[in-house]
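Asker:
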Amino acid sequence: MKKYVDLLVAGMVALAVVFYDVSLELIAELLHLLLETLHNMFEFLELAIEHTIEHAFHTEHHTSQIITFYILVVLGIVLLRWLWRVVPHWYRGMLRVVRQTWIRRKIEMEIYWLSLTLRYKITLICTALGVAYLASFFVM
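Residue numbers for the sequence shown follow this note's numbering, beginning at 7 and rising by one.
Structural data, given as structure tokens:
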């Protein structure tokens, strides 16, 4: 299963290189969708807190907005503190996984290359050059 995931990732990277404009547009659209969804979730949270305060404490609209603002500031500080503690651990873990994957794939490629005969090495190089030549037509 791991071999197929690696092949899928390699194929996606090759397509992203060949169709770089489509890939960048897709990434930008997905990022826009993510940010818009986060903004809508924040607005929903803000309105929920505001209406809860209005009904629980029988305050006016302006007063509940001020209380909501300070509650959101406290929640933001707590979230930033949590991220400050967690992000370095996530980064180190991701870096370790990327390094292990890079070394594993490099060793696999080296073993594969050493196991090929001269005829297959030449065939592999010619195939790679042919694919690169054909892909250049899509890029230009």
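Note that beta-carbon positions come from the ideal geometry of N, C-alpha and C, so glycine has one too.
Go through its chain and collect everything with a Cβ distance to Trp119's Cβ below 8 Å, but skip five positions before and after it.
Answerer: Once the five neighbours on either side are set aside, the close Cβ partners of Trp119 are Lys127.
Asker: Among Ile33, Leu37, Gly82 and Ser29, which residue has its Cα nearest to the Cα of Glu52?
Answerer: Out of Ile33, Leu37, Gly82 and Ser29, Gly82 has the C-alpha closest to the C-alpha of Glu52.
Asker: Can you tell me where the alpha helix (DSSP H) with His45 in it begins and where it stops?
Answerer: From DSSP, the alpha helix (DSSP H) with His45 extends over Tyr26 to Phe63.
Asker: Would you identify the three-state DSSP class for Glu114, choosing helix, strand or coil?
Answerer: Note: Glu114 maps to helix in three-state DSSP.
Asker: With 16 as the cutoff for other CB atoms within 10 Å, does Thr107 come out buried or exposed?
Answerer: Label assigned to Thr107: exposed.
Asker: If we count the other Cβ atoms within 10 Å of its Cβ and call it buried at 16 or more, is Glu56 buried or exposed?
Answerer: Classification of Glu56: buried, given that the 10 Å Cβ count is 16 or more.
Asker: What is the rounded straight-line gap between the Cα of Glu35 and the Cα of Val15?
Answerer: Between Glu35 and Val15, the C-alpha separation is close to 20 Å.
Asker: For Leu120, name the three-state secondary structure that DSSP assigns.
Answerer: If DSSP states are grouped into helix, strand and coil, Leu120 belongs with the helices.
Asker: Between Tyr139 and Ala20, what straight-line distance do the alpha-carbon atoms span, to the nearest angstrom?
Answerer: Distance between the alpha carbons of Tyr139 and Ala20 is about 13 Å.
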